[in-house]
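Colleague: Residue numbers (this note's numbering): 563 to 724.
Each residue gets a CB set at the ideal place from its N, CA and C atoms; glycine is no exception.
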């Protein structure tokens, strides 16, 4: 199955056409760190991260992991752990996964820049939104639509952006 994000406000999976939002600068085939664009391409879904203190353990067919207070994603292109999950207590080199708002109650990491090429973009996720405002480069859905998505995806599901 393929999730398709053909434009800035549509996510299609199976027979469902869901409203979404993407990066402020749209879809870009030459994604760069911090450019506010969503990378164009075909990517694998990697892992579902979720806040067990806020939602029940999701039933889905992809690997899942509970978000803990010390979890982050490295967004520093010069760091050896660039574009991967890290544990941290400092505010440097990272996108905090344990947030006060609810945007990261669910997150699906995707395979964008898996080779960790410096400045090609990091922390590109599918996550939650409550207002459909443009993201820094992720794809975001309302919680009820995210939960529909979780029921349909499996380890073979890919996401096509653009």
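Can at least three beta-carbon pairs, one atom from the region 708-722 and one from the region 641-650, be found at a separation below 8 Å?
Modeller: Result no; under three Cβ-Cβ pairs closer than 8 Å.
Colleague: By Cβ distance, which residues of its chain are closer than 8 Å to residue 620, with the 5 residues on each side in sequence left out?
Modeller: Locating residue 620 in the chain shown gives position 58, where the first residue counts as 1. Excluding positions up to five away in sequence, the list reads 610, 612, 626, 668, 709, 712.
Colleague: Identify every run of the beta strand (DSSP E) within the region 613-652, keeping only runs that are complete inside it and at least 3 residues long; order them along the chain.
Modeller: Complete beta strand (DSSP E) runs here, min 3: 626-628, 633-636, 647-649.
Colleague: Three or more C-beta pairs under 8 Å: does that hold for the region 576-584 against the region 661-677?
Modeller: At 8 Å Cβ cutoff, the stretches do not touch.
Colleague: For residue 564, which residues of its own chain have a beta-carbon under 6 Å away from its beta-carbon, when the five flanking residues on both sides are left out?
Modeller: Taking the chain shown and counting its residues from 1, the one referred to as residue 564 is at position 2. These residues qualify, in order along the chain: 720, 722.
Colleague: Touching or not, the region 631-639 and the region 698-706, by the rule of three or more beta carbon pairs under 8 Å?
Modeller: The region 631-639 vs the region 698-706: no contact.
Colleague: Expressed to the nearest angstrom, what Euclidean distance is found between the alpha-carbon atoms of residue 676 and residue 590?
Modeller: Taking the first residue of the chain shown as 1, we reach residue 676 at position 114. Taking the first residue of the chain shown as 1, we reach residue 590 at position 28. If I take the Cα positions, the gap works out to 17 Å.
Colleague: If we ignore side chains and look at the alpha-carbon of each, how far apart do residue 679 and residue 695 end up?
Modeller: Within the chain shown, the letter at position 117 stands for residue 679. Within the chain shown, the letter at position 133 stands for residue 695. Roughly 28 Å between the two C-alpha positions.
Colleague: Do residue 584 and residue 697 have their CB atoms nearer than 8 Å?
Modeller: Taking the chain shown and counting its residues from 1, one reaches residue 584 at position 22. Taking the chain shown and counting its residues from 1, one reaches residue 697 at position 135. The answer is yes: Cβ separation under 8 Å.
Colleague: By a C-beta neighbour count over all protein chains shown, 10 Å radius and 16 as the cutoff for buried, is residue 596 buried or exposed?
Modeller: Residue 596 sits at position 34 when you count from the first residue of the chain shown. Result: exposed.
Colleague: Are the CB atoms of residue 594 and residue 681 nearer to each other than 8 Å?
Modeller: If you number the chain shown from 1, residue 594 lands on position 32. If you number the chain shown from 1, residue 681 lands on position 119. Closer than 8 Å, so yes.
Colleague: Residue 605 and residue 673 look like a contact to me (Cβ under 8 Å); what is the Cβ gap, rounded to whole Å?
Modeller: In the chain shown, the residue the question calls residue 605 occupies position 43. In the chain shown, the residue the question calls residue 673 occupies position 111. Going by Cβ atoms, the distance from residue 605 to residue 673 rounds to 5 Å, so yes, they are a contact pair.
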